[in-house]
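K.L.:
I have a structure I would like to understand better, so I am pasting it below and will then ask my questions one at a time.
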Amino acid sequence: MRAIENSRLYPWLLLAPALMFFAIWNLLPLFWMVGMSFYNYSLTLGRPPRFVQFRNYLDYLDNIDLWLAFSRTFTFVFFSVTLTTLLGALIGTLYWGSTRMPGRRLALTLLFSPMILTPAAIGTFFRLNYDPTFGVIGYLTRLITHTNVEYLGTEGLAFAALVAVDVWMWTPFMVLITLAALGSVPKAELEAAEIDRLSLWNRFRHVILPHARFILVLGIILRTIDAFKVTDLVYQLTRGGPGGTTEVIGVMMFRRAFEAFSIGWTSGVAVITLLTAISFTALFLYLLNLHRRKHSA
Amino acid sequence: MSSRQNWKTYAYWGVLWLVALVYFFPVLWIILSAFKTKEDLLSIPPKWLFQPTLANFASLFNRESFWPTFCNSLLISVVSVSVAIVISFLAAYALSRFKPFGTDFIMFLILSIRMVPGAAVVVPVYLMYAALGWKDGFWPMTLFYAMYSIPFSLWILKGFMDGVSLRFDETGLANNASRFHVIFKVILPQVKPGLIAAFVFNLIFVWNEFLFNFILGGKSTTTIPTLLVTQSYQQGGVDWTFVASLGAIYLLPPVIALYFFQKYLLVGMTFGTVRGEV
């Protein structure tokens, strides 16, 4: 036993199970997928995969559907992240200094609950809420405008409706981040600012922001990555419709792979999203390390 | 405190509670709907006061598919997360203490798994499972979720372990304790909050996951989100009483967990990179 523990291979022994999982479920399928992306392979045709070199990738260059899906995804990310950040910062600031509120833990549980719910179930249920005849939102709209509005059946509106649900689900995350960010501001500096009678704006700019910025930025990047990944919610809410106007990249891959069964083509798109995700991750870690180095130096 | 200030504080608390309730409202609406008859559920204007009924739950529990699916959800999530935690704990110790060559790179690669859209993760795994005949197997499904829970757990646990001083290891080893002893008797108790956070939030994630189960699972490994999606249509329309009652049962455990494990939420939602009081 001791001999094993003192061996230079010991750390790798402890790491082995994790690396094995990584190899079987990630690397192996990944190589397979990268390979597939050079083939024309459709599950429905029953033909063996045909090697097509870079033809899938060349197709992406002028495939308007794909570029629309990407631009839709980034539009979605932009609106969802901006709105959740603004709302979250507002509500988070409002909650700052509420530690003596009775039932605070319960209130926070209720407030945070949307972000831990099953997106698939939420998507399904909001389809009912948005229904022009039977849904609550449909009913309220009728009270105000006296017309039936087909939220999920109208191009443009469906996208807004989707963003609204996502903002509802993820604002709590930015509230959480804002609270953590504000909590990272040293109490002493806040008190000093209070004594010096700094104006609210100056307090925010010179005392709060320099400390809170780091956590806030990490939160925004995580939120961006998450919004980029959105699939379940959209699939259940709109199936990418009407007319493909809510077909974000996750849903597009899902439908191309498992409804149209064009595996080769989808594999290539998956490779592209993989690279996008890796660059997001690199940015996240870069900022994290930058901060650590600054604080340990 | 003057009465004027008192009044202000109450108003402030009132506003905070109102905000919380606004966010909770859609969830409450699902729970309320689960106790309505089909007519009440779809009535216009929406009904606030109604005769509550348990009929939806009765018919849900009598569905042939409900109990097996419920057990699947429970079993798959608990087993996969437990496996992931044990594996990540050992790996986190190795990476935190020995810092082998490529530690940062391993951490980076493992985290990026969690950043990729689900569909891009599942397409290659689907190809592999189809080729090997692993689709709809309990272990292939569970171990896939375990793999997907590792990045999250590893990041949280390594973060906590980096915060535990090397002195503990050194003291233990100097006193002739084995590594094994140091890992499980000295370090483990100190990273307990990390273990709890990783366990609870991975459990919630696997419990909620739909896409992977829908693609890689089958008749004998269906979990509740998949059941909710695949069985919600009946006779041309959506079976809303089924959706509401199943949804209500399903949403409650995570919400209750959130109440009891609230202090771990921040760590859980940020891969352990952000710590602090909320």
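Chain order of the listed sequences is A and B.
Per the numbering used here, residue 126 is the first one in the first sequence, and the count goes up by one each step.
Per the numbering used here, residue 6 is the first one in the second sequence, and the count goes up by one each step.
Quick reminder that beta carbons are idealized off the backbone N, C-alpha and C, glycines included.
Predicted model, so just to flag it, every value in this text is computed and none were measured.
#1: Give the residues of chain A in contact with R184(B), contact being defined as C-beta atoms less than 8 Å apart.
#2: G393(A) and Y166(A) look like a contact to me (Cβ under 8 Å); what is the Cβ gap, rounded to whole Å?
#3: What residue range does the alpha helix (DSSP H) around M158(A) cover?
#4: Just the chain B side, please: which residues come within less than 7 Å of Q361(A) by C-beta, in chain order?
#5: Just to confirm the assignment, what range does the alpha helix (DSSP H) spanning I320(A) have?
#6: Please list the segments of the alpha helix (DSSP H) lying wholly inside the segment 372-411 of chain A, counting only runs of 4 or more residues, in order along the chain.
#7: If we cut at 8 Å on Cβ distances, does W53(B) have a partner in chain A?
#8: By how many angstroms is the C-alpha of I229(B) removed from the C-alpha of A151(B)?
#9: Between V310(A) and H336(A), which are expected to be in contact by the criterion C-beta below 8 Å, what is the C-beta distance as a whole number of angstroms?
#10: When you compare the CB of N181(A) with every CB in chain B, is at least one pair closer than 8 Å?
#11: Using a threshold of 8 Å, state whether the C-beta atoms of M120(B) and F203(A) are closer than that.
#12: Can you pull the chain B residues whose beta carbon is under 7 Å from the beta carbon of D357(A), in chain order?
#13: Based on Cα-Cα distance, which residue from T266(A), L415(A), A407(A) lies nearest to I115(B)?
#14: Under 8 Å, Cβ to Cβ, is there at least one residue of chain A near T278(B)?
#15: I'd like to confirm the pairing. Which residues does DSSP put opposite S167(A) in its beta bridges?
#16: Have a look at the DSSP bridge pairing and note the partners of Q239(B).
#17: From the DSSP output, in three-state form, read off R252(A) for me.
#18: With 8 Å set as the bound, which would you pick, yes or no: does the beta-carbon of M158(A) sit closer than that to a beta-carbon of chain B?
#19: Quick check on A194(A) - is its C-beta less than 8 Å from some C-beta in chain B?
#20: Compare the C-beta of A246(A) with all C-beta atoms of chain B and state if any pair is closer than 8 Å.
#21: Can V293(B) and D167(B) be called in contact, C-beta distance under 8 Å?
#22: Does any residue of chain B have a CB that is nearer than 8 Å to the CB of L334(A)?
#23: Closest to L139(A) by C-alpha separation, out of S237(B), Q239(B), L159(B), would be which residue?
#24: At 8 Å on the CB atoms, spell out the chain A contacts of W18(B), in chain order.
#25: Does any residue of chain A bring its CB to less than 8 Å from the CB of I81(B)?
#26: What is the DSSP secondary structure of F265(B), reduced to helix, strand or coil?
#27: Anyone know if the C-beta pair for P51(B) and Y264(A) falls short of 8 Å?
#28: Determine, using beta carbons only, whether P194(B) comes closer than 8 Å to chain A.
#29: So which residues on chain E does L162(B) lean against when the C-beta distance must stay under 8 Å?
#30: Excluding sequence positions up to five away, which residues of its chain have a Cβ less than 8 Å from the Cβ of V288(A)?
#31: Give me the Cα-Cα distance between R230(A) and L270(B), rounded to the nearest whole angstrom.
#32: Does M299(A) have its Cβ less than 8 Å from a Cβ in chain B?
#33: Could you give the C-beta distance for R197(A) and V332(A), rounded to a whole number, given that I count them as a contact under 8 Å?
#34: Please work out which residues of its chain come closer than 6 Å, Cβ to Cβ, to F298(A), disregarding the five sequence neighbours upstream and downstream, and give them in chain order.
#35: In or out: F206(B) buried (at least 16 other Cβ within 10 Å) or exposed?
#36: Could you say which of T108(B), L95(B), E214(B), F204(B) lies nearest to I192(B) if we only look at CA atoms?
P.N.:
This is what the structure gives:
#1: Using a Cβ-Cβ cut-off of 8 Å, R184(B) is close to E130, Y135 of chain A, given in chain order.
#2: Not a contact, Cβ separation roughly 11 Å.
#3: 153-161
#4: Residues of chain B with a Cβ closer than 7 Å to the Cβ of Q361(A) are, in chain order, V234.
#5: That run of the alpha helix (DSSP H) goes 312-320.
#6: 374-383
#7: No - not a single Cβ of chain A is within 8 Å of the one on W53(B).
#8: 18 Å
#9: 4 Å
#10: no
#11: no
#12: F215, L216
#13: Comparing alpha carbon positions, the residue from T266(A), L415(A), A407(A) closest to I115(B) is A407(A).
#14: yes
#15: Secondary-structure assignment with DSSP links S167(A) through a beta bridge to S387(A).
#16: G242(B)
#17: helix
#18: yes
#19: Residue contact check for A194(A) against chain B: no CB pair falls below 8 Å.
#20: yes
#21: Examination of residue 293(B) is not possible in this model, given that chain B is present from 6 through 283 alone.
#22: Not an interface residue.
#23: Taking only the C-alpha atoms, the option nearest L139(A) is L159(B).
#24: S223, M226, P227
#25: No, its Cβ sits nowhere closer than 8 Å to a Cβ of chain A.
#26: helix
#27: yes
#28: no
#29: The structure shown contains no chain E; its protein chains are A and B.
#30: F201, F204, S205, L208
#31: Their backbone Cα atoms lie some 12 Å apart in a straight line.
#32: no
#33: With a Cβ gap of about 40 Å, R197(A) and V332(A) do not count as contacting.
#34: If we look at F298(A) and ignore the five residues flanking it on each side, its Cβ neighbours are M240.
#35: buried
#36: L95(B)
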